[in-house]
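Residue numbers (my numbering), protein chains in the order written: chain A, 802 to 1139; chain B, 802 to 1139; chain C, 802 to 1139; chain D, 802 to 1139; chain E, 802 to 1139; chain F, 802 to 1139. Quick reminder that beta carbons are idealized off the backbone N, C-alpha and C, glycines included.
6 protein chains.
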Amino acid sequence: MPRTMPILTLSEMSPGQEADLFLLMTVKEELKTKTNKPYYRVGFRDGGREVSFPIWGDSPWAVDCRERWNPGLFYKVRAVYQETNFGPQLEIRKIREVVEADAADGFDPTLCLPRSRFDPQQMFDELLAIARQHIGDDGLRQLVEGLLTGNHTALLGHPAARRNHHAYVGGLLEHTLSVTRTCLYLADKYAEYYPMLKPPLDKDLVVAGGILHDIGKLREMEQRPDGAAHTAEGSLIGHILIGRDMVREMAAELRDSIALPGDMLLRLEHVIISHQRLPEWGSPKPPMTPEALLVHVADDVDAKYNMMVAILRDDTSPGPVTSRKNILMQHVYRGVGE
Amino acid sequence: MPRTMPILTLSEMSPGQEADLFLLMTVKEELKTKTNKPYYRVGFRDGGREVSFPIWGDSPWAVDCRERWNPGLFYKVRAVYQETNFGPQLEIRKIREVVEADAADGFDPTLCLPRSRFDPQQMFDELLAIARQHIGDDGLRQLVEGLLTGNHTALLGHPAARRNHHAYVGGLLEHTLSVTRTCLYLADKYAEYYPMLKPPLDKDLVVAGGILHDIGKLREMEQRPDGAAHTAEGSLIGHILIGRDMVREMAAELRDSIALPGDMLLRLEHVIISHQRLPEWGSPKPPMTPEALLVHVADDVDAKYNMMVAILRDDTSPGPVTSRKNILMQHVYRGVGE
Amino acid sequence: MPRTMPILTLSEMSPGQEADLFLLMTVKEELKTKTNKPYYRVGFRDGGREVSFPIWGDSPWAVDCRERWNPGLFYKVRAVYQETNFGPQLEIRKIREVVEADAADGFDPTLCLPRSRFDPQQMFDELLAIARQHIGDDGLRQLVEGLLTGNHTALLGHPAARRNHHAYVGGLLEHTLSVTRTCLYLADKYAEYYPMLKPPLDKDLVVAGGILHDIGKLREMEQRPDGAAHTAEGSLIGHILIGRDMVREMAAELRDSIALPGDMLLRLEHVIISHQRLPEWGSPKPPMTPEALLVHVADDVDAKYNMMVAILRDDTSPGPVTSRKNILMQHVYRGVGE
Amino acid sequence: MPRTMPILTLSEMSPGQEADLFLLMTVKEELKTKTNKPYYRVGFRDGGREVSFPIWGDSPWAVDCRERWNPGLFYKVRAVYQETNFGPQLEIRKIREVVEADAADGFDPTLCLPRSRFDPQQMFDELLAIARQHIGDDGLRQLVEGLLTGNHTALLGHPAARRNHHAYVGGLLEHTLSVTRTCLYLADKYAEYYPMLKPPLDKDLVVAGGILHDIGKLREMEQRPDGAAHTAEGSLIGHILIGRDMVREMAAELRDSIALPGDMLLRLEHVIISHQRLPEWGSPKPPMTPEALLVHVADDVDAKYNMMVAILRDDTSPGPVTSRKNILMQHVYRGVGE
Amino acid sequence: MPRTMPILTLSEMSPGQEADLFLLMTVKEELKTKTNKPYYRVGFRDGGREVSFPIWGDSPWAVDCRERWNPGLFYKVRAVYQETNFGPQLEIRKIREVVEADAADGFDPTLCLPRSRFDPQQMFDELLAIARQHIGDDGLRQLVEGLLTGNHTALLGHPAARRNHHAYVGGLLEHTLSVTRTCLYLADKYAEYYPMLKPPLDKDLVVAGGILHDIGKLREMEQRPDGAAHTAEGSLIGHILIGRDMVREMAAELRDSIALPGDMLLRLEHVIISHQRLPEWGSPKPPMTPEALLVHVADDVDAKYNMMVAILRDDTSPGPVTSRKNILMQHVYRGVGE
Amino acid sequence: MPRTMPILTLSEMSPGQEADLFLLMTVKEELKTKTNKPYYRVGFRDGGREVSFPIWGDSPWAVDCRERWNPGLFYKVRAVYQETNFGPQLEIRKIREVVEADAADGFDPTLCLPRSRFDPQQMFDELLAIARQHIGDDGLRQLVEGLLTGNHTALLGHPAARRNHHAYVGGLLEHTLSVTRTCLYLADKYAEYYPMLKPPLDKDLVVAGGILHDIGKLREMEQRPDGAAHTAEGSLIGHILIGRDMVREMAAELRDSIALPGDMLLRLEHVIISHQRLPEWGSPKPPMTPEALLVHVADDVDAKYNMMVAILRDDTSPGPVTSRKNILMQHVYRGVGE
């Protein structure tokens, strides 16, 4: 009655516990002991944790490891979880490649990738709620809703980047929601601060811009078992232009039922193409409207803060500052301890 | 009974009304009519408005204008206010240079300069209240309070810049308060978003950094009747370093009574010197802490938004975008009208 | 029988000849003589030449000039043409604003602007012939033909830029044709040189890219009586993205009847968005295919050669080199004469 | 009668065939098998192909390989050619270092280096023919002919660069001929396009510039068995200045017999020193004449196209685009296959 | 007996004194009085001073001034010197254009231009003496001496630049001498500091490099009555390459009599072409030898110090720092007075 | 009587000699022989030399080496010195970790690091003597003396950088003394050259600036057994600002006893913060006074010359120039030998 064995994730296990796990093999490296005996170091991960441990030459798994296991494949593993001086490890009891039927037990390859700490569906719902509540113009709201609901499934899993920031499952949604909240704050703040601005700040546009600024990443990258990769379109055209395309296509689709007033579509397109601000970062135009400026800032701070968090988490160099070999190409201060 | 004549500002007057005004003469230009007769175009301003009108050769003020009036001086003017096709004008009834005794009637030279739309004392109070409410650490709070109260008078009148942004009386306070509010928002937001950050985000420091980031401008520039000018110290050292000096001096002063914990002073100094981010903008170091990043962003968006507002207000070039001869050195879109 | 008076252009007239002309007033400037008498300097132009001369205070046209004539308007002028030490001038006999009926006599406002030395319709025909002869793929050829014939009228008159290069009526067509010819040469040359290239150089794409690389300028700028001006779309989005839009729209239109093979549309889009090569010149991606590289080079040399010709023609500074205040921001050598 | 064994090149051999080969050893690397037995991987090349294969520990060549064979030396090898899953390999039957007498059998060390696909002598002849046919001015033609014939031997073997483009034997000639042909095309085209240019485009100069623009590379680099290396003069002065020297020296030599008209020599010197356009690429002056502009463009496109071809040929990274670790420092699109 | 009138320079005159002067007319500007009467403001200069004063409409010189005097021409002027609130002025008694015979009385057009404070011949002698004393190698010393004596006359009058630094008669010599002295100091210092350097610092080369680094300016610019102007060669090639040419030509000339050892000539050429360090400043190579580094530094500090002196002397803007519209494009601090 | 064994440094030993040495272990690397036997390569250094040699598996030290020796620790070693084809080596006779009592025999950990060739105390004395002799102003001299004597011990050992230049014990002092001497030379020279400069060049300030320009490095870095490392303050603030702090603190300390005249302190602060000239090199302001310019130049040439010496000493790449992978990121020419 193997069914009695619980199916857990690595993060749920406690030392000594035995369970079944769905894991992605990430590493298989042939090494030698000091006495020159070959062994393998293998790595497995699921969405929340990664483990790495040796398969010695005299292990019952030695032959399987050498001849059958391959990084990039998914495995159902029964193992006892241990915590050692060398970090968390597994004692494997059973292991086989995942089969189609495992889906019934909850196997989902994307669950083995690093992922947002937040629930994608909940983030999606909140984003939609913001659009519904804060975009007053009917046409613009429908355009935004159409793009969100039309890309619902893709949005739940997409990362915001391959490497730079929010590079994990659900990262695009996490980043988009955070940017949109800051957009709301900044739009309210500056609309109140400068009531005399002509034309007045269009809060609808700032919110829509926050929600849609990175929408083109859905076509720029595609999710693969071993991470995100650029599509041909993503390489040759880039997410900034693709995002604008998606907005224009949705606007064309809606055109018969409802119209965007005046130059609103043009201003929204501009918000999207200018959100990286500098030409060398991919924006053919700088922010030329107050709305575009606010969306750019909200995006910029969210991306950089996320990078700084990741650098502080991952850097292992000694001293009061991190190495400068990171995505920000600068030292980050980690403090002097207690 | 001349006392019955009200003392008003230009903005308070309605067409046809007569009143006394304290005005700064800003322009005196000798021109010629089409029939080649010389006349003067003169300009006067107070804190809220500027007027410009001709003194014809046959005016009773013609000789006085040519021989006695001088731009840069302050005048008490009795005049009737008119609105014409050429903008608001004055019919002068009486005019004399301001004398010391006019202070009793409310004359204050800084009131004749362009100024913040907000009440300086109220902004100051609010800034102080934020410091008291949101800076938890005793030492840091006292340091910030000490710098605010110790520079109370100067802060009420100081501009944030000579030309770039918030270049008017009270502009430094207006900018500082706005930055600090955004700092509060961002600190709360990202502290909640990334609770695992080590060391944790120090909200005290973000708030203190927002309040103090531009404090060095008090010594970098000095207010003069005709605007702000750089001091020698401002030219040779710059407000970024001076601001850090002021923080260090206050910390030294307080040292006997209360101590800042750990590396807090160092981190605050870093927030100040890195707040312009790029070396070519005057920051010898980029933001190397999460706190410094947030203060930089809050400052940056506030300055740029203010510039964009000013560009949209002042630019007179034709077409859908402004000229690019402005402080942002780029076109700004003004929309296509109704 | 005023019909006996010929209607000529400025370039067709000889000294002492009288004729009727359709002219655009370009300048009206009030000046004074040495003895301080006011007079006007006026300028008129048609497509091939510009004249400038005084209207003295005692001229019979003095009042009309001061009160009625306005730069930017078109006039039918009867005048005697003279050549003087101060350049070609006109003695005006009759002058009135152009009326609608003048179209019957050949008035066309665009004929008063500087224009290409080549016949637009002939250039258009040649471009179309190149497309038909050298683009082998049916779908791509139809796409290119569709864009050419669908924009026939606009193409005949459009300039290639407001100021930089080929900034005159028909300039876009002249530049496009020249670039396309160089594309043909380079595609043939390098296809022969590197037969082993995989995927092989797609000559169809190079030719189509040459023809379409600047097509977005049709929407980026609009022709006005006094020259070309950026549209709102042109300012906020730019011709590089608009050109790609036009290609995509035409492809969508044709989709039902004929399909583009494989990634051809994507590669064509890439040719267009990368043709300025550098992000700071507006290209979000550099040329990433051999086809894009060739179109970029063909465009680049044609624009720069045209600029150099214009600089050598217009610069009036002394010495062996021109001033560096020109569109290339460098000295150009004009030789040491005979 | 070993003479019956044919002497072939690697490219000429078919699987299973035995022949004698003159080869350059390029690689000798000590490795270990999975069972920890040491072996060598060796590489040999001639002008058209490179092979790489193991010498196992039990091979009859094992000792020779370890103790006598050395990369950088030339060998006469008798071997059987095989094609395997690991690429083309050799079964060595005999091997000895090349001796002087092998020259009689056709050994030429430069034949073992990668080389142009075109026959050097034929390219040289064609270049000379272009000079004779298309350079009208007697003096200039003699100068160009003098430089070509005076450097005949060196030109036949020289690469155009150590690494960047056309980095193989005969590469300088191949590149020069290609550039000169484009120069011819562009000079004819633009001379016809802008007949009004003053001074008129000097086609002689464009052709001469194309032929001579890289002539300084003959002294900048020297050919060695293992590739090209910079000379001291090349490192300290650079090919751009050296090329101008060579032109000036030849002009001085010819001065007694024939004179260059006016400023022609100066303009030719300028073409050479400006052909890389940017100071950071080694040109102290940008192209300041139409002739210099055309030579620069013809050179630039030929170099970049060659780089792109090499990148597409050599890059092995996965996905629709190449890595950006190449000489162009950008991704190149390789298409999406069939 | 007009011969009794002394011929003086402006600097030699005292208020009220009458004398004859040889002056260059630099300014003739038509202006109007406040009562609208036309008058001229004229300027004259000689080598040490410049004067500027009005010629009123009722002056006896009014007609001559309007119809005959021209800026750029030289005049013999008899005048009384006055010092007024508007600066030094002249009351003209006699004035005529300079004639050939005036040379006998000491007229020399270059004496009317601004010039070095030091005696050119003395500077030349000192430079020659340094070469003779401090360059030990016979060949190098002869090369340097040959270039100095062969350009003796030109060197006495040449400026170091048209505008940047030492832009006055004798300026090239003054700059060269100063640089050479610093070279001597630095060469002695660093030779002593790093005796282990291999190859050892070549002091001969540093001194020769100091003397010759700007020698190409003799051909880059030519002296004209109204200042220095670039030659065609100067514009198309530049002084850095020309200077190297002059060295190579002299080396070729001397080759029969004496040889430069090893790579000395190459190293000297490198010193010259690298002395501006950056490609954007005209150096195709950076200093790649210790000798080139020292010459660059000696040149750099001398040019910048001279610029700073000129900026402090000429700037008239108010406040503690100069304007940044100067050759260094930065503020210079002028101090806060006593 | 082991006391008879001399205690020497590596540089003092001759081949075959036996002595005791205090050494820092710098390397311990596990390798394998060709026959796959493991061995260690170890490195030891003292202040003047570094040795590296194998500890074979059958060595009597094999076990100790593997289990007890550690890089970063100091050892007292008795050994015989040998010179071999693989460089200088040691035959170890005895080895133990250093104990406290070894200080009595002259052990000093800093003596094991690379160090200046000059005696620190002597350099310190000379620097002090220069300050006393050449700084005329009493207050400034006391400030400089105070900073020198107050940091006496630290100065004796500090390096000038971690990697860039003078990166060895005593390097800061060596660099400072050299810069100060050049400052003396330049100040004397230019004060004499431009006597008319207003305000006159302040030689006191140039000398003080030379002495103090890098004083902030005392707090920016801290010396550790294995080299210098940045402090938290050094990372977040940088030596340029810290140096100015130290000057200001000393000035505040002295304020009661003696005053600096006028703006002298401000000018000194400016010299320090501008001495790296460019913002991207850490200077928030460029040199805005003649004094700051001279100190910058003296510093710059000393640092670059030192780097060039180190590059020529350390680079091992073949050919006439060094690799460009060095601190100057450029090739350095090493000459063509005899």
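Considering only residues of the same chain and omitting the five flanking positions on each side of residue i, which have a CB-CB separation below 8 Å?
i	result
ARG1114/C	none
ASN965/F	ALA1104, MET1108 and ILE1128
In whole angstroms, what separates the C-alpha of residue i from that of residue j?
i	j	result
GLU1139/D	GLY1063/C	For GLU1139/D, the pLDDT reaches just 42, beneath the cut-off of 50, and the residue's location in the model is therefore unreliable, leaving the point undetermined.
LYS1086/D	PRO1121/C	15 Å
GLY971/F	GLN1024/F	11 Å
LEU978/B	PRO889/B	33 Å
THR810/F	GLU993/E	26 Å
PRO915/E	VAL864/E	30 Å
GLY858/F	TYR841/F	8 Å
Beta-carbon within less than 7 Å of residue i's beta-carbon, same chain only, minus the 5 sequence neighbours each way: which residues are those?
i	result
ASP1100/C	VAL980, HIS1014 and HIS1076
TYR1134/A	PRO1121 and VAL1122
ILE1041/E	GLY1017, ILE1073, ILE1074, GLN1077, GLY1083 and SER1084
Using a C-beta to C-beta distance shorter than 8 Å, which residues of chain E count as neighbours of residue i?
i	result
HIS1031/B	GLY1120, PRO1121 and VAL1122
At a CB-CB cut-off below 7 Å, which residues of chain F make contact with residue i?
i	result
LEU1037/D	TYR1134
When the Cα of residue i is compared with those of the options, which residue comes out closest?
i	options	result
ARG1049/E	VAL945/E, SER917/E, MET806/E and THR1123/E	VAL945/E
HIS976/D	ALA968/C, TYR995/C and GLY1035/C	TYR995/C
PRO1091/F	LEU1069/F, ASP920/F and HIS967/F	LEU1069/F
SER815/E	VAL843/E, ARG850/E and PRO839/E	ARG850/E
GLY959/C	GLU1021/C, VAL1137/C, LEU998/C and PHE908/C	Looking at the sequence shown, residue 959/C is not Gly but His. Among GLU1021/C, VAL1137/C, LEU998/C and PHE908/C, the Cα nearest to that of HIS959/C belongs to GLU1021/C.
PHE1155/C	TYR841/C, PRO910/C and ARG942/C	Residue coverage of chain C in this structure runs from 802 to 1139, which leaves residue 1155/C outside it and unanswerable.
Within a Cβ cutoff of 6 Å, which residues of the same chain sit near residue i, ignoring the five residues on either side of it in sequence?
i	result
PHE845/A	LEU824, MET826 and VAL852
Segment contact flag, the region 1026–1042 of chain D with the region 929–936 of chain D, C-beta cutoff 8 Å, min 3 pairs | no
Does the region 952–963 of chain D touch the region 897–904 of chain D, meaning 3 or more C-beta pairs lie closer than 8 Å?
-> no
For the region 1008–1023 of chain D against the region 1104–1111 of chain F, are there 3 or more C-beta pairs whose distance is under 8 Å?
-> no
Decide if the region 1086–1101 of chain C is in contact with the region 825–845 of chain E; the criterion is three or more beta carbon pairs, one per stretch, under 8 Å apart.
-> no
Within the chosen definition, does the region 874–883 of chain C reach the region 814–832 of chain C through at least 3 CB pairs nearer than 8 Å?
-> yes
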